[in-house]
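Remarks on the structure that follows.
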Amino acid sequence: MSRRSELASPASANQKQAEMSAVVTSSPAAAAAAAPTKQRRRRVERKPRVAIAITAIFFVLLYLPIAVVVLFSFNSQKSLTVFKGFSFRWYDEFFHDHDMIASLGMSLKVSAVAMVGAIVIGVALALGMVRARSWLGSYAGFIMLIPLITPEIVTGVASQLLFKGFYIHLSTTTVIVAEITFSISYVTVILRSRVAALNPELEEAAMDLGATRWQALRLVTLPALMPAILASAVLIFALVFDDFVLAYFTTGVTPEPLSVRIYSQIRNGVRPSINAVGTLMLVGSIGLIALALVIPRFFGRKGGLDILSGE
Amino acid sequence: MTAIDAATLSPSAAADCPAVRLDRVSKSFGAPRSAAGNGFAVRDVSLDIAAGEFFSLLGPSGCGKTTSLRMIGGFADPTEGSILLDGRDVTGLPPNQRNVNTVFQSYAVFDHLTVADNVAFGLKRQGVARGEIRKRVGAMLDLVQMGAMADRRPRTLSGGQRQRVALARALVCRPRVLLLDEPLGALDLKLRRAMQVELKQIQREVGITFIFVTHDQDEALTMSDRVAVMNGGVVEQCGTPEDVYERPASTFVASFMGTSNLMDGVYRDGSVAITGGPTIAVGDRGLRAGCAVSVSVRPEKIWLSEHEPQMVRIPGTVAETVYSGPTTTYLIEIAPGVTVSALEQNTDRSRNEERWVNGARVELGWRPEHCLVLESAPADQSSLVAA
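In the order they appear, the protein sequences are chains A and B. Just so we're aligned, residue 0 is where the first sequence starts under my numbering, counting upward by one. Just so we're aligned, residue 18 is where the second sequence starts under my numbering, counting upward by one.
In structure tokens form, the structure reads like this:
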């Protein structure tokens, strides 16, 4: 009876389901419903030109500025508006600019340390939040989301005021501490759903087979979470590497992180070598994303990696 | 304290003890010993399970069978009472300090390890030498017929194969007792039947005590040496499969173990007056007159033709016939609104078909000893069980 009524309102019925039940039931009602199903499919399969146009505009707006940066990084002239010819001179200039290289090194260092720190704290927090039997777990989960929605400029100013308030000298350490604080939420948000979805019998099985609580965590739980952990690690590295606001407010003197250095250079007039730096950062980011797509293969999982769910 | 030490140290003392003893074990969730008395998952359960026994905990979902198993495994602590393994009190010990292994309902196979590494997991924790591990893992995988799959990832295996891995992983540790939590629940019927036979064979081969949780009465009957039927957190009856099927101790056990044709009535002078139906001769049962009882005759114990002289006979009308391959079930109305089901072998089906069509008059007969008379539980007590 319920199947019949489902067919009677084809607009609400899932198309595949309607087709399947049409095959199963050979009642007149089912046969009557089969015809509109076919028509509906034809309408869906027709390519909507508006949708194609909107998609095209979206991609042009998204990638044109980046394409311009990449193109002008190979310009042989100093002009930022006219492309004269192909050359590597701006890459050459960048690689001979010791301050820039030092800043790049600083950015890599900050990103790497912040990534490790945020992963360790974030994973522990996710495990604790899911397993806490008290009301604290759900409250912590809510508080966790606040850094994600707070404007970064507020976090930046607040961090600087905090450090200054405690007479802490702004340095690389302060940048790292601020970046870790800012990143923990991302790790926890990604990991939390994965921990909740984990079969509790896995850890019980490990302990049943003689593992201690710590061994069960190390040998069973963490490996099961590894794809999600690696995905959030890649995400955090990328986020911290190109973070400007927080770094700007919490960094000490030299060498400042790359994003801060680029910003201060632009204030004194834009040099084309900025384009070269931008292009290199782009290549690096694409490399990271490719890595995130390849990593799950090592765990025998099919398909790509959704960076937000860690699946 | 000294008594416990003596029991653990001397094997002869341990041999006299049951492999597992549950001593007045209760488990309540939420506030312990709440005044209302509900919130009990398991209530005052005492069981002795002998070494080498295939023991089943049978009951509907929520009857406390899985909770009992988890308490033996160390995944839940009893609120009251104690659990003894080989005479040693293990109440409160974590799972990794009990010589007991579990095959989980979800199998809980480690997907990041190969089949062989899964099976080796427990031995590595015990610190067994590497060569020894390889030998024992290989032998165990052969026993469960997974030798060819040693290097496969669990993700690439079927449900039945994953189950074999889970079984091998638990058995390779040579536990005193193996706990199985509805391990066949996720398999299709055919594979399930095959695995029932195989599990029983493996159990005989390794000689380990198996405690098997199931809600499937067929499974419990075919596999077990003894069955404990649980309902509402208590053990209703514990005995051999024949005991619980042929001689159920309560109306719950009678109705849970297959079709039972339970009919309510009043006992008086060797016969029972069925409510709204005929009066059936049951013989002297030593009950007081006017006592409320339930009468039960198993469908396969009811004869529709060729009656023996001493049989109890009741006339009836065929209301429905249900053909199911080797047997046919007849629903027979013995009074308006009172039907019993009778099971006939289809040995000579064509003849039966002609004789017992719907509406045909038949005479049911059964041997007096096949008619069970169970005293109905007092009203206040039955409502307590339901809660």
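Ideal Cβ placement from N, Cα and C applies to all residues, glycine included. Quick caveat: nothing in here was measured; it's all calculated off a predicted structure.
Using CA coordinates, which residue listed in the options is at the minimum distance from residue i?
i	options	result
Lys141 (chain B)	A:Leu208, A:Glu203, A:Ser170	A:Leu208
Met240 (chain B)	B:Ala165, B:Val126, B:Leu216, B:Gly250	B:Leu216
Gly275 (chain B)	B:Arg179, B:Pro258, B:Ala306	B:Pro258
Thr346 (chain B)	B:Glu386, B:Trp320, B:Arg181, B:Pro353	B:Trp320
Ala177 (chain A)	A:Leu107, A:Glu255, A:Ala113	A:Ala113
Ala93 (chain B)	B:Arg372, B:Gly104, B:Gly109	B:Gly109
Gln114 (chain B)	B:Ala211, B:Thr83, B:Arg193	B:Arg193
Pro316 (chain B)	B:Pro326, B:Arg285, B:Asn278	B:Asn278
Ser298 (chain B)	B:Gln234, B:Arg210, B:Cys388, B:Glu361	Sequence inspection shows Ala at residue 298 (chain B); the Ser mentioned does not correspond to that position. The shortest C-alpha separation from Ala298 (chain B) is found at B:Cys388.
Gly121 (chain A)	A:Val269, A:Ile183, A:Arg191	A:Ile183
Val189 (chain B)	B:Leu206, B:Ser123, B:Thr119	B:Thr119
Thr173 (chain A)	A:Ile53, A:Thr250, A:Ser272, A:Leu290	A:Thr250
Val62 (chain B)	B:Gly303, B:Arg41, B:Gln162, B:Gly148	B:Arg41
Ser358 (chain B)	B:Thr364, B:Asp365, B:Glu380	B:Glu380
Ala67 (chain B)	B:Gly104, B:Gly91, B:Gly56	B:Gly104
His324 (chain B)	B:Arg384, B:Leu204, B:Phe269, B:Gln143	B:Arg384
Pro256 (chain A)	A:Leu79, A:Asp98, A:Val59, A:Leu61	A:Asp98
Ile219 (chain B)	B:Thr356, B:Gly376, B:Ala156, B:Arg285	B:Ala156
Gly90 (chain B)	B:Gly98, B:Val107, B:Pro77, B:Gly76	B:Val107
Pro112 (chain B)	B:Leu86, B:His129, B:Arg378	B:Leu86
Ala211 (chain B)	B:Ile228, B:Gln178, B:Ala133	B:Gln178
Glu203 (chain A)	B:Arg172, B:Val374, B:Gly139	B:Gly139
Could you check how far apart the C-beta atoms of residue i and residue j are, in whole angstroms? I think they sit under 8 Å.
i	j	result
Glu253 (chain B)	Val246 (chain B)	5 Å
Ala183 (chain B)	Val126 (chain B)	6 Å
Gly382 (chain B)	Arg330 (chain B)	5 Å
Val223 (chain B)	Asp198 (chain B)	Val223 (chain B) to Asp198 (chain B), Cβ: 19 Å. No contact.
Ala223 (chain A)	Leu197 (chain A)	6 Å
Ile145 (chain A)	Val186 (chain A)	Going by Cβ atoms, the distance from Ile145 (chain A) to Val186 (chain A) rounds to 15 Å, so no, they are not a contact pair.
Thr131 (chain B)	Arg169 (chain B)	7 Å
Phe82 (chain A)	Phe71 (chain A)	7 Å
Ala215 (chain A)	Met206 (chain A)	5 Å
Pro254 (chain A)	Ala101 (chain A)	4 Å
Lys44 (chain B)	Thr96 (chain B)	5 Å
Asn116 (chain B)	Leu102 (chain B)	7 Å
Gly249 (chain B)	Leu204 (chain B)	So it is not a contact: roughly 28 Å between Cβ atoms.
In whole angstroms, what is the alpha-carbon distance linking residue i and residue j?
i	j	result
Asp96 (chain A)	Ala117 (chain A)	31 Å
Leu74 (chain B)	Val59 (chain B)	12 Å
Val282 (chain A)	Val145 (chain B)	49 Å
Ser393 (chain B)	Ala271 (chain B)	12 Å
Ala30 (chain A)	Leu63 (chain A)	The pLDDT assigned to Ala30 (chain A) is 44, lower than 50, so where the model puts this residue is not dependable, and the model offers no usable value.
Ala36 (chain B)	Leu196 (chain B)	12 Å
Val310 (chain B)	Ser267 (chain B)	11 Å
Ala2 (chain B)	Ala210 (chain A)	Residue coverage of chain B in this structure runs from 18 to 404, which leaves residue 2 (chain B) outside it and unanswerable.
Cys80 (chain B)	Gly293 (chain B)	32 Å
Leu391 (chain B)	Thr296 (chain B)	16 Å
Phe71 (chain B)	Asp242 (chain B)	5 Å
Asp233 (chain B)	Met163 (chain B)	27 Å
Leu292 (chain A)	Cys255 (chain B)	56 Å
Gly354 (chain B)	Thr364 (chain B)	30 Å
Cys34 (chain B)	Ile150 (chain B)	31 Å
Pro343 (chain B)	Leu360 (chain B)	10 Å
Span of the beta strand (DSSP E) holding residue i?
i	result
Ala158 (chain A)	At residue 158 (chain A) the sequence reads Ser, which differs from the Ala that was named. It is not in any beta strand (DSSP E) - Ser158 (chain A) instead sits in the alpha helix (DSSP H) that spans 151 to 164.
Tyr347 (chain B)	344 to 352
Asp61 (chain B)	57 to 66
Ala298 (chain B)	296 to 298
Val252 (chain B)	251 to 256
Gly287 (chain B)	Run containing Gly287 (chain B): none; DSSP gives neither H nor E here.
Lys44 (chain B)	37 to 45
Start and end of the alpha helix (DSSP H) containing residue i?
i	result
Gly121 (chain A)	97 to 130
Asp103 (chain B)	Note, Asp103 (chain B): premise wrong, no alpha helix (DSSP H); not H, not E.
Phe138 (chain B)	132 to 143
Met157 (chain B)	147 to 160
Leu234 (chain A)	221 to 240
Lys207 (chain B)	206 to 223
In the DSSP assignment, what residue or residues form a beta bridge with residue i?
i	result
Gly277 (chain A)	Looking at the DSSP assignment, Gly277 (chain A) forms no beta bridge with any residue, so it has no partner.
Val120 (chain B)	B:Leu197
Thr231 (chain B)	B:Leu75
Ile406 (chain B)	Because chain B spans 18 through 404 in this model, residue 406 (chain B) falls outside it and cannot be assessed.
Gln362 (chain B)	B:Thr344
Leu321 (chain B)	Note: Leu321 (chain B) sits in no beta bridge, so no partner.
Ala245 (chain B)	B:Leu74, B:Cys255
Nearest chain C C-beta to residue i closer than 8 Å, yes or no?
i	result
Met206 (chain A)	Absent from the structure: chain C. Protein chains present are A and B.
Could you check if residue i belongs to the surroundings of the ligand NAD, using beta carbon to heavy atom distance under 7 Å?
i	result
Gly307 (chain B)	In terms of ligand content, the structure shown is empty, and the ligand NAD therefore cannot be addressed.
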